[in-house]
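Notes follow the structure.
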Amino acid sequence: MSERIEVLLVDDDDEDALLTRELLSEATEARFSVERASDARSALTALCANRHDVCLLDYRLGRDTGLDVLREAQARGSDVPVIMLTGTGDRSVDLAAMKEGAAEYLEKGTIDARVLERAIRYAMARKGFERELAAKKERLERLDAEKNQLLGMAAHDLRNPLGVVYGYASLLLSGLDTYSTAEIREMVEIIARSSAFMRGLIDDLLDLASIEAGTLRLTVRPTDPLELAQKNVALNKILAAGKSIDIQLEADEGLPLVDADAERFDQVLNNLLSNATKYSPPGAPVRVRVRADGADVRFDVVDRGRGISPEFLATLFTPFAKEGTSGTAGEKSTGLGLAIVKRIVDAHGGRLAVKSAPGEGSTFSVWLPARASRHGDAA
Numbered sequence: 001m002s003e004r005i006e007v008l009l010v011d012d013d014d015e016d017a018l019l020t021r022e023l024l025s026e027a028t029e030a031r032f033s034v035e036r037a038s039d040a041r042s043a044l045t046a047l048c049a050n051r052h053d054v055c056l057l058d059y060r061l062g063r064d065t066g067l068d069v070l071r072e073a074q075a076r077g078s079d080v081p082v083i084m085l086t087g088t089g090d091r092s093v094d095l096a097a098m099k100e101g102a103a104e105y106l107e108k109g110t111i112d113a114r115v116l117e118r119a120i121r122y123a124m125a126r127k128g129f130e131r132e133l134a135a136k137k138e139r140l141e142r143l144d145a146e147k148n149q150l151l152g153m154a155a156h157d158l159r160n161p162l163g164v165v166y167g168y169a170s171l172l173l174s175g176l177d178t179y180s181t182a183e184i185r186e187m188v189e190i191i192a193r194s195s196a197f198m199r200g201l202i203d204d205l206l207d208l209a210s211i212e213a214g215t216l217r218l219t220v221r222p223t224d225p226l227e228l229a230q231k232n233v234a235l236n237k238i239l240a241a242g243k244s245i246d247i248q249l250e251a252d253e254g255l256p257l258v259d260a261d262a263e264r265f266d267q268v269l270n271n272l273l274s275n276a277t278k279y280s281p282p283g284a285p286v287r288v289r290v291r292a293d294g295a296d297v298r299f300d301v302v303d304r305g306r307g308i309s310p311e312f313l314a315t316l317f318t319p320f321a322k323e324g325t326s327g328t329a330g331e332k333s334t335g336l337g338l339a340i341v342k343r344i345v346d347a348h349g350g351r352l353a354v355k356s357a358p359g360e361g362s363t364f365s366v367w368l369p370a371r372a373s374r375h376g377d378a379a
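Under our numbering, the first residue of the sequence shown is numbered 1, with each subsequent residue one higher.
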């Protein structure tokens, strides 16, 4: 079946309007549904409704001109491509119509069905390109604004630890002989912690930049979800021990394999586990659950920490989203970890969700699609 195109025909001359309809009826590659407006006011109303694919607009409309209608319609937000029709070959009208944004200009007496159909398709295609370019321009402007915001936030977050490093290094250089070994050790430890934070922030910025630029490449292989969880729990148990926090692992038997980039998914689990430890009070347990959930494998990281306020949950996975509080032992956050987690999970075709409330702890859940074969079967 041929394509159906909605046409708005604006012409105050009944005979001319009938001729135009007849030309449209002779088209061979499309079917045209025609709505007519016979004056400027009704034409403006119809154009601003943006329900037509194209408008055939006569230059002469009584006391008004098609240029007036075109200009006013665009000012009111009309997005319908317009082909200007005229009974004369006035070059000044031609140029004025194109300047005002008309897609095409045709002389009534010189067109046939084939020419009119081609002009309509050209006008629609041109408008499609314009919309696509406008959308890309808007996206680039948004990305540029986000980039500038990220750079500003990164510079702000780097300034303080860099100042700490510079300050303590200057103290050591200016009076190394005046400090005891214990004082020097304390200063060096502060320099090391500040440097580690800055390195982590820069690593996160590079990861986020790679993901946003579309250059993140996943090396996906059949992977045992239990092994992923066990490895990351073991690593974080060592770090959590400093706060007397025990990380407990619970897992279903016979879990299906998942398609995952193990190294990238380690980032996901490590970030969620380090956050759970960071925002939990000393001695509070953290639980990791891995289970089959329909066609997915679900990973839950559950803590009994301070929880997250409802207003902050809406922006939790955006870059530099920080609630303004450090960890329960003063640990700092770059504000980029969860944004990276969300993007890595999305790249795996998975889902990420959080359930939390102040004073009730948090549960972060990740779903990865399971492979058809069961754990232990041939992949």
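Cβ atoms here follow ideal geometry from the backbone N, Cα and C, with glycine treated the same way. Predicted model, so just to flag it, every value in this text is computed and none were measured.
Query: Give the straight-line distance between the Cα atoms of T181 and L235, rounded to the nearest whole angstrom.; Result: 32 Å
Query: Determine, using beta carbons only, whether W367 and R343 come nearer to each other than 7 Å.; Result: no
Query: Could you tell me the distance, in whole angstroms, from the CA atom of D300 to the CA atom of L269?; Result: 10 Å
Query: Within this structure, are the beta carbons of A251 and L272 separated by less than 7 Å?; Result: no
Query: Give the DSSP bridge partners of E107, in chain order.; Result: T86
Query: C55 bridges to which residues according to DSSP?; Result: L8 and V82
Query: Tell me the start and end of each unbroken beta strand (DSSP E) in the stretch 231-292 that is at least 3 residues and wholly inside, in chain order.; Result: 247-251 and 256-260
Query: Leaving aside the five residues before and after L176 along the sequence, list all residues of the same chain whose C-beta is less than 8 Å from its C-beta, in chain order.; Result: I184
Query: Taking C-beta to C-beta, are A119 and L140 nearer than 7 Å?; Result: no
Query: Return the first residue and the last residue of the beta strand (DSSP E) that D300 is part of.; Result: D296 to D303
Query: Can you list, in chain order, the residues of its chain with a C-beta nearer than 6 Å to that of I211? Leave out the 5 residues immediately preceding and following it.; Result: R343
Query: Return the CA-CA distance between L239 and F129, expressed in angstroms with no decimal places.; Result: 54 Å
Query: Can you determine whether any heavy atom of the ligand MG sits closer than 6 Å to the C-beta of V366, and answer yes or no?; Result: No copy of the ligand MG appears in this structure; indeed no ligand is present at all.
Query: Assuming L85 contacts L47 (C-beta within less than 8 Å), just tell me the rounded distance between them.; Result: Actually they are not in contact, since the Cβ atoms of L85 and L47 sit about 15 Å apart, beyond 8 Å.
Query: Is the CB-CB distance between L44 and E72 below 7 Å?; Result: yes
Query: Output yes or no for whether 7 Å exceeds the beta carbon distance between P281 and R371.; Result: no
Query: Does DSSP classify L70 as helix, strand or coil?; Result: helix
Query: Run through DSSP, which three-state label would A329 get?; Result: Any reading at A329 is ruled out, since the residue's pLDDT is 46, under 50, leaving its predicted position unreliable.
Query: Buried or exposed: E117, going by 16 or more other Cβ atoms within 10 Å of its Cβ?; Result: buried
Query: So what does DSSP say about A49, is it helix, strand or coil?; Result: coil
Query: Which residues bound the alpha helix (DSSP H) around S356?; Result: Where S356 is concerned, there is no enclosing alpha helix (DSSP H), although the beta strand (DSSP E) it sits in stretches over R351 to S356.
Query: Could you compute how far the alpha carbon of G349 sits from the alpha carbon of P369?; Result: 7 Å
Query: In angstroms with no decimal places, state the Cα-to-Cα distance between S356 and G77.; Result: 43 Å
Query: Taking 7 Å as the cut-off, decide whether the C-beta atoms of E6 and D58 are in contact.; Result: no
Query: Could you check where the beta strand (DSSP E) with V34 kicks off and where it finishes?; Result: A30 to A37
Query: Going along the chain, which residues of its own chain have a beta-carbon closer than 7 Å to the beta-carbon of F32, five neighbours each way excluded?; Result: I5, V7 and L24
Query: Among R21, D204 and R36, which one has its Cα closest to the Cα of T318?; Result: D204
Query: If you measure between the beta carbons of V10 and A37, is that distance less than 7 Å?; Result: yes
Query: For R193, report the span of its alpha helix (DSSP H) as first-last.; Result: T181 to E212
Query: Between the Cα of Q74 and those of N50, S92, L61 and R63, spot the shortest distance and give me the residue it belongs to.; Result: N50
Query: What's the C-alpha gap between D303 and K127?; Result: 53 Å
Query: Starting from T219, trace the alpha helix (DSSP H) both ways and give me its first and last residue.; Result: Counting along the chain, T219 falls outside any alpha helix (DSSP H), and DSSP gives it neither H nor E.
Query: What three-state label does DSSP hand S92 in the structure shown?; Result: helix
Query: Using CA coordinates, which residue listed in R199, V258, A262 and A97 is at the minimum distance from D293?; Result: V258
Query: At which residues does the alpha helix (DSSP H) containing E15 begin and terminate?; Result: D14 to S25
Query: When DSSP labels each residue in this structure, what does D64 get in the three-state scheme?; Result: strand
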